[in-house]
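Protein chains: 2
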Amino acid sequence: MYQQIDTYVNKCISLSKEELEYFHSLLQYKKVKRKSFLLRAGEKCDFEAYLVKGCARVYYIDENGFEVDLLFAVEDWWISDLASFSQQKPATLFIETIEDSELLLIDYKSKEALFKKVPKFERLFRLMIQKAYETMMDRLIANISKPAPQRYQDFVKKYPTIPQRVPQHLIAAYLGVSPEFLSKIRTRLSKT
Amino acid sequence: MYQQIDTYVNKCISLSKEELEYFHSLLQYKKVKRKSFLLRAGEKCDFEAYLVKGCARVYYIDENGFEVDLLFAVEDWWISDLASFSQQKPATLFIETIEDSELLLIDYKSKEALFKKVPKFERLFRLMIQKAYETMMDRLIANISKPAPQRYQDFVKKYPTIPQRVPQHLIAAYLGVSPEFLSKIRTRLSKT
DNA sequence: TAAAAGCATTGAACCAGATTAAGAAATGAG
DNA sequence: CTCATTTCTTAATCTGGTTCAATGCTTTTA
Numbered sequence: 001m002y003q004q005i006d007t008y009v010n011k012c013i014s015l016s017k018e019e020l021e022y023f024h025s026l027l028q029y030k031k032v033k034r035k036s037f038l039l040r041a042g043e044k045c046d047f048e049a050y051l052v053k054g055c056a057r058v059y060y061i062d063e064n065g066f067e068v069d070l071l072f073a074v075e076d077w078w079i080s081d082l083a084s085f086s087q088q089k090p091a092t093l094f095i096e097t098i099e100d101s102e103l104l105l106i107d108y109k110s111k112e113a114l115f116k117k118v119p120k121f122e123r124l125f126r127l128m129i130q131k132a133y134e135t136m137m138d139r140l141i142a143n144i145s146k147p148a149p150q151r152y153q154d155f156v157k158k159y160p161t162i163p164q165r166v167p168q169h170l171i172a173a174y175l176g177v178s179p180e181f182l183s184k185i186r187t188r189l190s191k192t
Numbered sequence: 193m194y195q196q197i198d199t200y201v202n203k204c205i206s207l208s209k210e211e212l213e214y215f216h217s218l219l220q221y222k223k224v225k226r227k228s229f230l231l232r233a234g235e236k237c238d239f240e241a242y243l244v245k246g247c248a249r250v251y252y253i254d255e256n257g258f259e260v261d262l263l264f265a266v267e268d269w270w271i272s273d274l275a276s277f278s279q280q281k282p283a284t285l286f287i288e289t290i291e292d293s294e295l296l297l298i299d300y301k302s303k304e305a306l307f308k309k310v311p312k313f314e315r316l317f318r319l320m321i322q323k324a325y326e327t328m329m330d331r332l333i334a335n336i337s338k339p340a341p342q343r344y345q346d347f348v349k350k351y352p353t354i355p356q357r358v359p360q361h362l363i364a365a366y367l368g369v370s371p372e373f374l375s376k377i378r379t380r381l382s383k384t
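Read top to bottom, the protein sequences are chains A and B. Numbering-wise (the working numbering), the first sequence opens with residue 1 and increments by one. Numbering-wise (the working numbering), the second sequence opens with residue 193 and increments by one.
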């Protein structure tokens, strides 16, 4: 049950058996069907979730009801509305499963307790967010300076398994193009 | 000399006099003219710099020579190519001052030593990057879902002092529009 | 197993913003 | 103070991508 997350954690920091067991004791296991909402904008996000199995998406809905997908999570990813979680304020994001999924959640108090008892985790989470930051930056640059077909190809190359698990119109909402245009891009690309 | 950065640090973590002095001992003071490069893509970025005074920009140049501005830093901001710094690999970003500037730099080894000796700093840097991440995410969302005039107005509202210090074509490169179009946006807006 | 709902494709009309080109205005270095 | 460089504006034309609408295809769900 915890083997997967332990492997993940071990890549960054090394822990004693006791530390690991303490960590486990703070996690809450959750199993949900596809199309379940883990979070809706307006609620308070009191979790960071490690995805053991399944697939989920984190997205934003703007004033006009237009969706922007920020993340497709699969096995081994963390999902949360970090601004809401860390500042304990209402969420601006939605989190919804795309497949039946299994998760391990940690809440705010537990995470703070963990940092206090095992400061090494502060490092783990710093490195995690650092990586997320770099990814986000690359995406912003791509969105500003690359045309949509290029962005789509880069996406498929970087996440080859995602297009098989996530509907195409959601990928369009991730790339920042209309579903119709993504469809056109795909037919164009397949004709060469 | 260190008063400003101490105030900054103190907002997040509280430190003893000794800890603070140790921190100071790791910092390198640097004073540079406007239009100085602190970093060029290809070099290794061995600093995170706190801007004591002045103004600088962090930007990316794509394959076609097109610039994307990622950050305008003024007093109290940190600048670096974080991917290069933390993984000790070649930079992809440029950092250039826009005004004569004064900086406090910390290098990789010193930062690691600091974390080891005063783990509280791990928390500070985690919170710093977390905020940067949220900012980056908001920007990505805005770039995907809001039209350029809106993005410009939001920018001016969020950073009211920047437009007076940074040339307009750089702001265009930050917002992801051509300088000509930003000029058009501005005349349109002033006519109402 | 049928009906409904969601998803992908295609084409035509349209628009936000890019590109190109030129000149005007501001700024800074000598 | 003055020339060179950088910065800003305006206008014409072009294009990547949107919107709208119609059609067929898959999944769900009852």
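Here a beta-carbon is modelled for each residue, glycine too, at the ideal position from N, C-alpha and C. Every value quoted in this text rests on a predicted model; they were computed, and no experiment measured them.
Compare the C-beta of A:Q130 against all C-beta atoms of chain B and say whether one is closer than 7 Å.
yes
Taking the beta strand (DSSP E) that A:I95 belongs to, which residues open and close that run?
93-97
Going along the segment 31-62 of chain A in order, which residues come within less than 8 Å of chain B, judged by CB to CB distance?
Y60, D62
Go to A:D154, then tell me how far its beta strand (DSSP E) extends in each direction, as first and last residue.
Element bounds for A:D154: not the beta strand (DSSP E) but the alpha helix (DSSP H), 148-158.
Over the uninterrupted beta strand (DSSP E) stretch that includes A:K35, give me the two end residues.
Where A:K35 is concerned, there is no enclosing beta strand (DSSP E), given that its DSSP letter is neither H nor E.
Looking at C-alpha atoms only, which residue of B:L374, B:F229, B:V310 is the closest neighbour of B:S272?
B:F229
On the three-state DSSP scale, how would you describe A:Q28?
strand
Counting only Cβ pairs nearer than 7 Å, list the residues of chain B close to A:A83.
E326
Whether B:C237 touches B:S276 by CB criterion (7 Å)
yes
Can you check whether the C-beta of A:V68 is within less than 7 Å of a C-beta belonging to chain B?
yes
Proximal residues of chain A, C-beta to C-beta of B:G368 below 7 Å:
I144
Which word fits A:Y29, buried or exposed, when buried means at least 16 other C-beta atoms lie within 10 angstroms of its C-beta?
exposed
Assuming the contact rule is C-beta atoms closer than 8 Å, A:R57 and A:I98 should be a hit. Round their C-beta distance to whole Å, please.
6 Å
Which of the three DSSP states, helix, strand or coil, is assigned to A:E75?
coil
Looking at C-alpha atoms only, which residue of B:S370, B:H361, B:R315, B:P355 is the closest neighbour of B:C204?
B:R315
What span of residues does the alpha helix (DSSP H) with B:A324 cover, start to end?
312-337
Any beta carbon of chain B sitting closer than 7 Å to that of A:L140?
yes
Cβ contact (3+ pairs, closer than 8 Å) linking the segment 109-124 of chain A and the segment 302-316 of chain B
yes
Is the beta carbon of B:I298 sitting closer than 7 Å to the one on B:L218?
yes
Straight-line Cα distance separating A:A41 from A:L182:
27 Å
Straight-line CA distance for B:A283 to A:H169?
35 Å
Of the residues B:D261, B:K223, B:D346, which one's Cα is nearest the Cα of B:P371?
B:D261
Would A:L213 and A:W77 qualify as a contact pair, given that the criterion is a beta-carbon distance under 7 Å?
Because chain A spans 1 through 192 in this model, residue 213 of chain A falls outside it and cannot be assessed.
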